[in-house]
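Engineer:
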Amino acid sequence: MKVRVRYAPSPTGYQHIGGLRTALFNFLYAKANGGDFILRIEDTDQTRYFDGALEDIYETFNWLGISYDEGPEKDGGFGPYIQSQRTELYQKYAKQLVESGHAYYCYCDSGRLERIKKIQEANKMAPGYDRRCRDLSPEEVEELKASGIQPVIRFKAPLEGKTVFEDEILGRIEVENSTLQDFVLLKSDGFPTYHLANIIDDHMMQITHVLRAQEWIPSTPSHVLLYKAFGWEPPKFCHMPMVMGEDGKKLSKRHGATQVIEFRKNGYLPEALLNFISLLGWSYNDKDEFFTMEQLQKIFDIKRINTSPAIFDYKKLMHFNGVYIRQSSIERLVDLTLPHYIEAGLVSKEPTAEEMAFLKKLMPLVQERLELINQAPEFSDFFFGELPPYKTWEMIVPKNVEKAKVVEILSDIRKVVEADFDVKEDKDLEQQLYELSKKHEVKAGAVFMPLRIAITGINKSPEMFPVMHVIGKEVSLKRIDNAIEKLKQEIAG
RNA sequence: GUCGAAUUCGUCUAACGGUUAGGACACAAGGUUUUCAUCCUUGCAAUAGCGGUUCGAUUCCGCUAUUCGAUGCCA
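In structure tokens form, the structure reads like this:
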């Protein structure tokens with residue numbers, strides 16, 4: 038039988054890491070097994086609906102290269118794929134369950150529900166609905182109907198026995214039916230709950246495997262019972278370990294960035310995020326960690342999904358991002374960093390050909406120290422303009438060296454640049470600077486550091502001559518002259 | 001409280017019942033005759049505890065502890 042899996046987000050907010058992991062694993066499982074990946078929107082909670090959510094799902098998929106075989110605007114014969122467009126179906130099946138004796142109307146309002154909850158808490162009893170409406174007499178039902186209260190439909194959970202299911206990852210899981218609730222199937226506003234809609238759709242859409250996070254394990258027995266009540270065969274369940282924050286608790290906003298859109302904004306590459314997330318609760322073997330999406334679609338195997346929760350390690354993600362940035366082409370990095378340069382005011386809004394060429398020239402020098410795309414401007418602002426923003430100045434005078442001597446050294450460097458900058462290789466120019474250090478009887482660093490500060494205004498920079506060749510001879514000389522001038526003034530003043 | 005699941009270096013993880021328990025991130029030290037970064041080398045560091053089964057247990061079983069999750073007219 039053809040594998041059919043689905044990702045079924047509810048549009049209540051932006052896509053987050055946990056959801057992405059679920060989507061990815063479903064997608065990979067489908068692709069690795071020649072199956073179909075279905076996107077279904079579970080918008081059954083009208084009160085929590087968030088307007089930009091749908092667009093965000095599409096954008097997230099698009100950014101990461103996850104595509105669905107069936108879903109909204111891509112009908113595979115099982116649509117519609119948006120649950121709010123299927124409410125009649127759910128209502129029909131809910132009523133069917135009432136008629137078959139598997140469910141019942143409940144007229145208890147939220148006020149009463151809250152009261153019994155408080156009593157249960159006070160008496161340290163297990164919380165839950167007390168099943169008052171489960172066995173109402175016909176007269177009582179008539180009375181309640183007449184009162185005008187909109188009822189909900191609740192599932193009539195068996196009071197005894199056990200419900201068992203075989204999880205593909207965790208193995209056999211069984212619970213006593215007595216611990217199960219008479220959960221709501223259809224809300225008083227006519228919309229189904231997750232449990233009802235999910236089961237009906239999974240069945241109707243012929244889903245073969247349900248891959249979801251372990252937080253769903255407690256409700257799975259109820260789902261199994263629902264399938265049974267309908268007389269349907271349940272799909273196979275695969276409960277994946279949860280993704281946690283650094284404190285070991287379910288990943289959420291307070292752990293920092295958790296929304297996919299934030300990672301995108303913060304300068305992560307899609308392939309880095311994807312690769313990193315693929316390793317959350319899954320592994321290929323004992324040594325390979327770097328995979329392309331294409332590889333993952335071939336090698337992903339459900340048997341290698343873990344059983345224990347995984348903490349989301351931002352540092353390791355960062356490392357992955359650095360690796361992927363270093364592997365990127367210069368053209369792509371220019372593309373990706375351009376908006377950040379514009380935002381920083383280093384490049385004009387409508388970049389000229391010269392500006393683009395300039396970015397392309399400096400990019401190799403930025404690439405290897407970049408861990409996030411949006412770090413590019415701060416790592417390379419000194420390339421722009423006549424003079425650099427002097428973020429460091431004191432270090433232009435190395436330890437145990439007189440200011441006057443630094444002026445001499447810089448003047449000598451200036452001569453080298455003036456004479457040989459265009460005709461000699463970087464290596465030859467460097468060699469001349471080493472000779473200068475011998476001449477002035479200082480360490481090589483005492484020659485390079487003043488030059489570095491003069492040219493870049495920072496003490497941590499790429500190698501000097503490549504930088505100077507990007508900014509050009511004229512600007513380089515101007516910056517050296519400026520530094521000499523400033524030093525002279527300091528000596529005089 | 002009740003129910004469920006989980007437990008290998010700080011973190012992500014590997015290990016047909018037989019390995020000096022491996023790799024990666026992080027961290028530390030060193031090297032790459034200029035800083036930073038890259039790259040390379042080395043180091044640090046784990047089977048939650050107690051019982052069983054077995055010639056042999058990280059691996060199988062039980063108990064305890066701890067952690068997480070669920071316990072909504074949320075999903």
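In the numbering used here, the protein residues as written are 38 to 530. C-beta atoms are modelled at their ideal positions from N, C-alpha and C, and glycine is treated no differently. Please read all numbers here as calculations on a predicted model, not as lab measurements.
Within this structure, are the beta carbons of Met330 and Leu354 separated by less than 8 angstroms?
Structural biologist: In the first sequence, the residue the question calls residue 330 occupies position 293. In the first sequence, the residue the question calls residue 354 occupies position 317. Cβ atoms of Met330 and Leu354: not closer than 8 angstroms.
Engineer: Among the residues of its own chain, which have a CB less than 8 angstroms from the CB of Trp100, if the five just before and after it don't count?
Structural biologist: On the first sequence, position 63 is the one that residue 100 refers to. Val297, Arg301, Pro307, listed in sequence order.
Engineer: Would the beta-carbon of Tyr127 fall within 8 angstroms of that of Leu76?
Structural biologist: As a first step, residue 127 must be located in the first sequence, where it is residue number 90. As a first step, residue 76 must be located in the first sequence, where it is residue number 39. No, Cβ-Cβ distance for Tyr127 and Leu76 is not below 8 angstroms.
Engineer: On a CA-only basis, which of Val212, His232, Leu288 is nearest Phe220? Give me that one, please.
Structural biologist: In the first sequence, residue 220 corresponds to position 183, counting from 1. The option with the nearest alpha carbon to Phe220 is His232.
Engineer: For Glu455, which of Gly494, Ile342, Gly509 has the nearest alpha-carbon?
Structural biologist: One-based indexing of the first sequence puts residue 455 at position 418. Answer by Cα proximity: Gly509.
Engineer: Taking the Cβ atom as the reference point for each residue, do Gly194 and Leu134 lie within a distance shorter than 8 angstroms?
Structural biologist: Residue mapping note: residue 194 aligns to position 157 of the first sequence, counting from 1. Residue mapping note: residue 134 aligns to position 97 of the first sequence, counting from 1. According to the sequence displayed, residue 194 carries Ala and not Gly. Contact: no.
Engineer: Specify, as a first and last residue, the run of the beta strand (DSSP E) that Arg191 falls within.
Structural biologist: On the first sequence, position 154 is the one that residue 191 refers to. Its beta strand (DSSP E) spans residues 189-192.
Engineer: Just to confirm, are Ile492 and Ser474 a CB contact at a threshold of 8 angstroms?
Structural biologist: Walking along the first sequence from the start, residue 492 turns up at place 455. Walking along the first sequence from the start, residue 474 turns up at place 437. Not in contact: Ile492 and Ser474 (Cβ atoms no closer than 8 angstroms).
Engineer: Which of the three DSSP states is assigned to Gly55 in this structure?
Structural biologist: Residue numbering aside, residue 55 sits at position 18 when the first sequence is read from its first letter. Reduced to three states, the DSSP call for Gly55 is helix.
Engineer: What span of residues does the beta strand (DSSP E) with Lys199 cover, start to end?
Structural biologist: Position 162 of the first sequence, counted from the first residue, corresponds to residue 199. First-last of the beta strand (DSSP E) with Lys199: 199-204.
Engineer: According to the Cβ coordinates, are Gly72 and Val42 closer than 8 angstroms?
Structural biologist: Translated into the one-based positions of the first sequence, residue 72 becomes position 35. Translated into the one-based positions of the first sequence, residue 42 becomes position 5. Taking 8 angstroms as the Cβ cut-off, Gly72 and Val42 qualify as a contacting pair.
Engineer: In three-state terms, what does DSSP make of Asp390?
Structural biologist: Locating residue 390 in the first sequence gives position 353, counting from the first residue. A small fix is needed here, since residue 390 is Ala in this sequence, not Asp. Helix, per DSSP.
Engineer: Report the residue from Val212, Lys182, Leu222 whose alpha carbon sits nearest the alpha carbon of Arg191.
Structural biologist: Residue mapping note: residue 191 aligns to position 154 of the first sequence, counting from 1. Here the closest residue by C-alpha is Leu222.
Engineer: DSSP state of Gln296, grouped into three classes?
Structural biologist: Along the first sequence, one-based indexing puts residue 296 at 259. Here Gln296 sits in strand by DSSP.
Engineer: Spatial neighbours of Asp429 within its chain, please: CB distance less than 8 angstroms, with the 5 preceding and 5 following residues excluded, ordered by chain position.
Structural biologist: As a first step, residue 429 must be located in the first sequence, where it is residue number 392. The displayed chain sequence assigns Thr, not Asp, to residue 429. Excluding residues within five positions, the ones whose Cβ falls inside 8 angstroms are Ile490, Gly494, Ile495, Asn496.
Engineer: What's the call for Asp103, buried or exposed, on a 16-neighbour Cβ count within 10 Å?
Structural biologist: Locating residue 103 in the first sequence gives position 66, counting from the first residue. Strictly speaking, residue 103 in this sequence is Ile, with Asp absent from that position. Answer is buried; the Cβ neighbour count reaches 16.
Engineer: Nearest-angstrom Cα distance between Asp239 and Glu107?
Structural biologist: Taking the first residue of the first sequence as 1, we reach residue 239 at position 202. Taking the first residue of the first sequence as 1, we reach residue 107 at position 70. Taking the straight line joining both Cα atoms gives about 13 angstroms.
Engineer: Can you look up Phe420 in the DSSP assignment and give me helix, strand or coil?
Structural biologist: Mapped onto the first sequence, residue 420 falls at position 383. Helix.
Engineer: At the level of alpha carbons, what is the spacing between Phe62 and Leu248?
Structural biologist: Looking up residue 62 in the first sequence gives position 25. Looking up residue 248 in the first sequence gives position 211. Cα-Cα distance, rounded: 8 angstroms.
Engineer: Go to Val443, then tell me how far its alpha helix (DSSP H) extends in each direction, as first and last residue.
Structural biologist: Start at 1 with the first residue of the first sequence, and residue 443 comes out as number 406. 440-457 is the extent of the alpha helix (DSSP H) around Val443.
Engineer: Taking 8 angstroms as the threshold (C-beta atoms), are Tyr141 and Cys170 in contact?
Structural biologist: Working through the first sequence from its first residue, we reach residue 170 at position 133. Working through the first sequence from its first residue, we reach residue 141 at position 104. Their beta carbons are under 8 angstroms apart, which means Cys170 touches Tyr141 by this criterion.
Engineer: Note down, in chain order, each residue of its chain lying with its Cβ closer than 7 angstroms to the Cβ of Ser417, except the 5 sequence neighbours on either side.
Structural biologist: Taking the first sequence and counting its residues from 1, one reaches residue 417 at position 380. Once the five neighbours on either side are set aside, the close Cβ partners of Ser417 are Leu399, Val403.
Engineer: For Gly148, name the three-state secondary structure that DSSP assigns.
Structural biologist: In the first sequence, the residue the question calls residue 148 occupies position 111. Correct three-state label for Gly148: helix.
Engineer: According to the Cβ coordinates, are His139 and Ala266 closer than 8 angstroms?
Structural biologist: Sequence index remark: in the first sequence, residue 139 carries index 102 (1-based). Sequence index remark: in the first sequence, residue 266 carries index 229 (1-based). Yes, the Cβ-Cβ distance between His139 and Ala266 is below 8 angstroms.
Engineer: Taking the alpha carbon of Thr59 as the reference point, which residue from Met279, Lys224, Asp88 has its own alpha carbon closest?
Structural biologist: If you number the first sequence from 1, residue 59 lands on position 22. The candidate whose alpha carbon is nearest that of Thr59 is Met279.
Engineer: How big is the Cα-Cα spacing for Glu125 and Ala234?
Structural biologist: Residue mapping note: residue 125 aligns to position 88 of the first sequence, counting from 1. Residue mapping note: residue 234 aligns to position 197 of the first sequence, counting from 1. Glu125 and Ala234: Cα-Cα distance of roughly 11 angstroms.
Engineer: Put Pro117 into one of helix, strand or coil per three-state DSSP.
Structural biologist: Locating residue 117 in the first sequence gives position 80, counting from the first residue. It is coil, neither helix nor strand.
Engineer: Closest by CA to Lys287, which one among Glu270, Pro258, Glu252?
Structural biologist: One-based indexing of the first sequence puts residue 287 at position 250. Taking only the C-alpha atoms, the option nearest Lys287 is Glu252.
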